[in-house]
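Residue numbers (this note's numbering): 50 to 507.
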């Protein structure tokens with residue numbers, strides 16, 4: 050059973066279509082006033098809208114635009130006796146599913162509705178299967194099985210079906226774009242456009258036109274109309290990377306889009322409805338920027354409805370062997386070279402490195418080593434970049450001249466291990482204790498010796 054809206058200014062036809070749909074077992078609303086219908090679809094979603102094209106005051110295309118701007122998955126069937134190439138193209142661009150020409154036979158309408166609803170069901174089943182595959186087969190570009198990555202994957206799967214905006218934060222190279230693509234892929238918008246925009250890579254004087262589009266003559270070089278990224282992403286996801294670099298005047302305009310769900314291209318006096326999910330990413334501390342007046346507080350809260358924090362590689366080094374294997378496979382195929390593993394000593398050196406560039410730096414190192422390695426059956430530590438051997442990770446305990454006392458050295462090592470375990474498990478003591486292979490009560494007792502660590506994970 051589907052929820053269907055029938056709109057036709059001819060009461061006889063409207064009642065006939067309503068009776069036909071109800072006979073098929075559907076729940077049907079009927080409107081003979083197009084303005085009433087337009088008000089209704091602004092507050093209520095339907096599975097399918099069956100509307101006449103030519104009506105007084107409001108056309109079927111206007112109703113379709115409102116419906117599809119709210120929910121791109123709604124099916125719209127247009128009933129018309131005035132079909133033309135121009136109206137057909139306009140309807141297709143809007144996302145209208147099909148036309149029914151007047152005069153029509155009742156079985157034609159039945160078949161058209163059945164086909165449309167069957168297509169909607171198949172799409173829903175396909176999304177469910179993709180979602181299931183993601184959970185069962187682990188088909189993720191985000192490689193890793195550490196607690197930190199399993200938590201990120203679980204949060205992505207919970208966030209994906211929601212229409213809410215998402216703010217992804219984390220250091221450069223941690224995989225923020227991959228997380229954004231995963232949110233899109235496993236959402237109801239997965240088959241719609243995913244548009245990526247780097248807010249810091251486009252000159253400020255061009256950014257507004259890139260985002261919202263422009264009309265011919267809007268500025269000196271505007272020789273033709275241009276569709277902006279918001280319109281390109283209609284029905285899908287717009288990923289705003291490096292959102293902290295968005296100039297303040299454009300922050301105001303982005304806030305308005307989030308509130309009103311409409312854009313106004315440069316040089317136009319007409320607004321345009323858009324159905325776009327916003328996912329933003331930053332490697333900056335946006336809250337600190339808010340306090341300094343560099344980022345709008347109201348926009349910050351609008352973006353951070355759902356928040357994801359990507360962990361740095363140094364906090365999930367258990368994933369390093371999996372990541373290395375993944376990148377070796379990937380680049381061996383790209384370079385046309387045989388798979389060549391890293392030696393044990395090379396992997397040890399890699400795990401003792403701090404990875405300031407995170408996963409992106411790791412991929413570059415793997416690609417470079419694979420391309421330049423000669424002779425040996427495995428890539429040796431001597432073939433790694435020099436800084437990886439010269440500068441071990443900052444949190445590695447090195448007993449130097451300053452620490453000769455064994456108890457002090459062991460205490461420093463224990464403190465480091467506890468801190469790493471708590472970071473890995475986001476402060477969940479039971480999980481941290483499991484990781485350290487001690488009882489939770491033992492960990493709690495040990496934490497009493499290190500109040501500076503306890504203060505970080507209250």
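In this text, a Cβ means the ideal position worked out from N, Cα and C, and glycines have one as well.
State the start and end residues of the unbroken alpha helix (DSSP H) segment that holds residue i.
{"i": "residue 392", "result": "Counting along the chain, residue 392 falls outside any alpha helix (DSSP H), and DSSP gives it neither H nor E."}
{"i": "residue 503", "result": "500 to 505"}
{"i": "residue 69", "result": "60 to 72"}
{"i": "residue 338", "result": "335 to 340"}
{"i": "residue 286", "result": "Where residue 286 is concerned, there is no enclosing alpha helix (DSSP H), although the beta strand (DSSP E) it sits in stretches over 286 to 290."}
{"i": "residue 349", "result": "346 to 352"}
{"i": "residue 101", "result": "It is not in any alpha helix (DSSP H) - residue 101 instead sits in the beta strand (DSSP E) that spans 97 to 101."}
{"i": "residue 376", "result": "369 to 384"}
{"i": "residue 261", "result": "253 to 261"}
Kindly give me the distance between the Cβ atoms of residue i and residue j, rounded to whole angstroms, as I take these residues to be in contact under 8 angstroms.
{"i": "residue 482", "j": "residue 492", "result": "4 angstroms"}
{"i": "residue 359", "j": "residue 201", "result": "7 angstroms"}
{"i": "residue 66", "j": "residue 57", "result": "7 angstroms"}
{"i": "residue 284", "j": "residue 347", "result": "Not confirmed; about 26 angstroms, so no contact."}
{"i": "residue 223", "j": "residue 487", "result": "Rounded, the Cβ-Cβ distance is 29 angstroms, inconsistent with contact."}
{"i": "residue 110", "j": "residue 86", "result": "Residue 110 to residue 86, Cβ: 13 angstroms. No contact."}
{"i": "residue 105", "j": "residue 121", "result": "About 28 angstroms; that fails the 8 angstroms criterion."}
{"i": "residue 524", "j": "residue 479", "result": "Past the boundaries of the shown model lies residue 524; the chain is included only from 50 to 507, so the question cannot be answered."}
Label residue i either buried or exposed according to how many other C-beta atoms from any shown protein chain fall within 10 Å of its C-beta, with 16 as the threshold for buried.
{"i": "residue 163", "result": "exposed"}
{"i": "residue 196", "result": "buried"}
{"i": "residue 345", "result": "buried"}
{"i": "residue 428", "result": "buried"}
{"i": "residue 160", "result": "exposed"}
{"i": "residue 257", "result": "buried"}
{"i": "residue 462", "result": "exposed"}
{"i": "residue 236", "result": "buried"}
{"i": "residue 55", "result": "buried"}
{"i": "residue 473", "result": "buried"}
{"i": "residue 118", "result": "buried"}
{"i": "residue 268", "result": "exposed"}
{"i": "residue 96", "result": "buried"}
{"i": "residue 497", "result": "exposed"}
Is residue i near residue j, with beta carbons less than 8 angstroms apart?
{"i": "residue 368", "j": "residue 198", "result": "yes"}
{"i": "residue 229", "j": "residue 328", "result": "yes"}
{"i": "residue 403", "j": "residue 363", "result": "yes"}
{"i": "residue 136", "j": "residue 101", "result": "no"}
{"i": "residue 123", "j": "residue 107", "result": "no"}
{"i": "residue 430", "j": "residue 394", "result": "yes"}
{"i": "residue 248", "j": "residue 289", "result": "yes"}
{"i": "residue 514", "j": "residue 433", "result": "Any property of residue 514 remains undetermined from this structure, which presents the chain solely from 50 to 507."}
{"i": "residue 212", "j": "residue 326", "result": "yes"}
Starting from residue i, trace the beta strand (DSSP E) both ways and give me its first and last residue.
{"i": "residue 77", "result": "76 to 80"}
{"i": "residue 52", "result": "52 to 56"}
{"i": "residue 326", "result": "326 to 331"}
{"i": "residue 147", "result": "147 to 150"}
{"i": "residue 106", "result": "Here residue 106 belongs to no beta strand (DSSP E), and DSSP marks it neither H nor E."}
{"i": "residue 218", "result": "215 to 218"}
Would you call the region 107 to 122 and the region 141 to 148 in contact, with 3 or more CB pairs under 8 angstroms? Yes, the region 107 to 122 is in contact with the region 141 to 148.
Q. Per the contact definition of three or more C-beta pairs closer than 8 angstroms, is the region 213 to 229 in contact with the region 377 to 386?
A. A contact is defined here as three or more CB-CB pairs under 8 angstroms, and the region 377 to 386 fails this definition with respect to the region 213 to 229.
With contact counted as at least three CB pairs below 8 angstroms, one residue from each stretch, are the region 258 to 268 and the region 311 to 319 in contact? They touch, by the three-pair rule.
query = Three or more beta-carbon pairs under 8 angstroms between the region 367 to 381 and the region 239 to 250, yes or no?
reply = In this structure the region 367 to 381 does not touch the region 239 to 250; the number of beta carbon pairs closer than 8 angstroms is below three.
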